[in-house]
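Q: Sharing a structure, written as structure tokens. Questions coming.
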Amino acid sequence: MQSEMRAPDEWPTGPAVDAGTESDSASGTDISVLTSALPERDGPALRLGARVFPLRRWMARRHAVVGAEMAVTASLLDQLPTGPTVVIVVAPEVAADAVVDQLLPAAHGMLTRHGPPTGALTLGVASPEPVRSGTAGKLAMYNQHLEALPEALVEAVAAGRRCGLVTAHGNCVLLLQHFVPATASAVVHASPARHRPVRIDGRWGLTEVSSPADTYEVPADGTTISEKLAWKPTAHVVAHGGTHTVSLPVSWRYRYSLGRGTVRRLAALARDAAVTAGRPLSLDVALATHGPVVLRCRPATAG
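See below:
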């Protein structure tokens, strides 16, 4: 595709569009949201405030713009069972509350073209750099309703900037997805090195770093799985307009969250993706009724 040949620091080409409107081309051209004019010697010029894109393969070559997580995910779109994802890029000098009223209708409209028109959403802050091995994605807001998204987006941008989660260009990058209800979830760490086992942390409910997790290690041949069962008294689950922590029934507290067939499937999926990417990966996976859905895919450090 022509978009694959752009210079590393360029935005996708295409005509500028009015603030809050969409350029609806076959290639999925971006939406531009323009903020206040900046004074210049030769007259005023509009400043680019934020852009919205469907997650596409061209992002694999735009690390400085979209960060490491979005770039590596884009490179693996044909290989991972991901859901529709909209990428929101907020420039460093822009206040999110100044563009949110234009930004969210555009992002939500783009997302619902590829899924149900209504329903809960997940908003997350993308990782601009490789993460520590096996860590879950930070700053994810699950089960958000549309009316709560303006406040959630402003909060997410502020939190991302505060935590230093910005790209080489200073952009704060968010991802908007349909919320995936999950009975269990997994964080999977895989290396392209075949001699290294795949490590999987499994939990009941949604991914929550502070929750105890069962651990599994799967060697390259997938035969003998090493398992360590954790005592899991609580789980992070859906609540009205968000999530909360609940006590699990006693029969679930000392019971494996993932079956061996699921563990092998996740290990093979993650290992193949790591080999394709040529680097270690950390995947957040929701175990939905129809099968696993990869919510986040981040390059990981080699440790």
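In this text, residue positions in the sequence shown follow our numbering: the first is 60, and each later residue adds one. C-beta atoms are modelled at their ideal positions from N, C-alpha and C, and glycine is treated no differently.
Between which residues of its own chain and arginine 319 is the CB-CB distance below 7 Å, once the five residues before and five after are set aside?
A: Counting from 1 along the sequence shown, the entry for residue 319 is found at position 260. So the qualifying residues of the chain are Ile284.
Q: Taking only beta-carbon atoms, is alanine 127 less than 7 Å away from chain C?
A: The structure shown has no chain C; it contains just one protein chain.
Q: Given a cut-off of 7 Å on the beta-carbon distance, is the pair arginine 116 and alanine 133 in contact?
A: As a first step, residue 116 must be located in the sequence shown, where it is residue number 57. As a first step, residue 133 must be located in the sequence shown, where it is residue number 74. In this structure, alanine 133 lies closer than 7 Å to arginine 116 by Cβ.
Q: What are the residues that DSSP puts in a beta bridge with glycine 320?
A: Within the sequence shown, residue 320 is the residue found at index 261, counting from 1. DSSP lists no partner for glycine 320.
Q: For alanine 333, does the three-state DSSP call read helix, strand or coil?
A: As a working mapping, residue 333 is identified with position 274 in the sequence shown. Here alanine 333 sits in helix by DSSP.
Q: Going by beta carbon distance, what residues of the same chain come within less than 8 Å of aspartate 273, once the five residues before and after it are set aside?
A: Counting from one through the sequence shown, the residue named residue 273 turns up at place 214. Taken in chain order, the residues that qualify are Asp260, Gly261, Arg262, Glu286, Lys287, Leu288, Ala289, Lys291, Tyr315, Ser316 and Leu317.
Q: Shortest alpha-carbon distance to glycine 142 belongs to which of Asp160, Val149, Leu114 and Val153?
A: Locating residue 142 in the sequence shown gives position 83, where the first residue counts as 1. Among Asp160, Val149, Leu114 and Val153, the Cα nearest to that of glycine 142 belongs to Leu114.
Q: Less than 7 Å between the C-beta atoms of valine 257 and alanine 249, yes or no?
A: On the sequence shown, residue 257 is found 198 positions in, with the first residue counted as 1. On the sequence shown, residue 249 is found 190 positions in, with the first residue counted as 1. Yes, the pair counts as a contact, with Cβ atoms nearer than the cut-off.
Q: Compare the Cα-Cα distances from glutamate 152 to each of Ala245, Asn230, Pro140 and Val190 and report the closest residue.
A: Position 93 of the sequence shown, counted from the first residue, corresponds to residue 152. Here the closest residue by C-alpha is Asn230.
Q: Where are the alpha helix (DSSP H) runs, 4 residues long or more, that stay fully inside the region 120 to 160, in chain order?
A: DSSP runs (the alpha helix (DSSP H)) wholly in the region 120 to 160: 122 to 134.
Q: Flag this pair as yes or no: are the beta carbons of threonine 293 and asparagine 202 separated by less than 7 Å?
A: Your numbering for residue 293 matches position 234 in the sequence shown. Your numbering for residue 202 matches position 143 in the sequence shown. Cβ distance not < 7 Å, so threonine 293 and asparagine 202 don't count as in contact.
Q: Kindly give me the distance between the Cβ atoms of leucine 198 and valine 184, rounded to whole angstroms, as I take these residues to be in contact under 8 Å.
A: Mapped onto the sequence shown, residue 198 falls at position 139. Mapped onto the sequence shown, residue 184 falls at position 125. Going by Cβ atoms, the distance from leucine 198 to valine 184 rounds to 4 Å, so yes, they are a contact pair.
Q: Got a sec? Which residues, its chain only, sit under 7 Å from glycine 337 by beta carbon, not counting five neighbours each side?
A: The residue labelled residue 337 in the question sits at position 278 within the sequence shown. Closer than 7 Å at Cβ, skipping near neighbours: Pro251.
Q: My output table needs one value for valine 225: the three-state DSSP class, helix, strand or coil.
A: Your numbering for residue 225 matches position 166 in the sequence shown. Coil, per DSSP.
Q: Which whole-angstrom value is the C-beta distance of alanine 359 and proline 189, which I expect to be below 8 Å?
A: Residue numbering aside, residue 359 sits at position 300 when the sequence shown is read from its first letter. Residue numbering aside, residue 189 sits at position 130 when the sequence shown is read from its first letter. 6 Å between Cβ atoms; contact.
Q: So, is aspartate 83 buried or exposed, given that buried needs 16 or more other C-beta atoms within 10 angstroms?
A: Numbered from 1 along the sequence shown, position 24 holds the residue referred to as residue 83. Residue placement at aspartate 83 is flagged as unreliable, the pLDDT there being 37, under the threshold of 50; the coordinate-derived value follows with that caveat. Exposed is the call here.
Q: Classify serine 306 as helix, strand or coil using the three-state DSSP reduction.
A: Working through the sequence shown from its first residue, we reach residue 306 at position 247. Reduced to three states, the DSSP call for serine 306 is strand.
Q: Would you mind reading off the limits of the beta strand (DSSP E) that contains tryptophan 263?
A: For the purposes of this step, residue 263 is identified with residue 204 of the sequence shown, where counting begins at 1. Run containing tryptophan 263: 257 to 263, per the beta strand (DSSP E) assignment.
Q: Enumerate in chain order the residues of its own chain whose CB-to-CB distance from threonine 181 is below 6 Å, with the five nearest sequence positions on each side excluded.
A: The residue labelled residue 181 in the question sits at position 122 within the sequence shown. Answer for threonine 181: Tyr201, Gln236 and Phe238, listed in chain order.
Q: Let me know if histidine 122 comes out buried or exposed under the rule of 16 or more other beta-carbons within 10 Å of its beta-carbon.
A: Within the sequence shown, residue 122 is the residue found at index 63, counting from 1. It is buried - the Cβ of histidine 122 has at least 16 other Cβ atoms within 10 Å.
Q: Would you kindly report the start and end of the unbroken beta strand (DSSP E) that includes alanine 345?
A: Sequence index remark: in the sequence shown, residue 345 carries index 286 (1-based). Counting along the chain, the beta strand (DSSP E) containing alanine 345 begins and ends at 340 to 347.
Q: Under 8 Å by Cβ, that's how I've got leucine 342 and arginine 355 pegged, so tell me the actual separation to the nearest angstrom.
A: The residue you call residue 342 lines up with position 283 of the sequence shown. The residue you call residue 355 lines up with position 296 of the sequence shown. Sure, about 7 Å apart at Cβ, within 8 Å.
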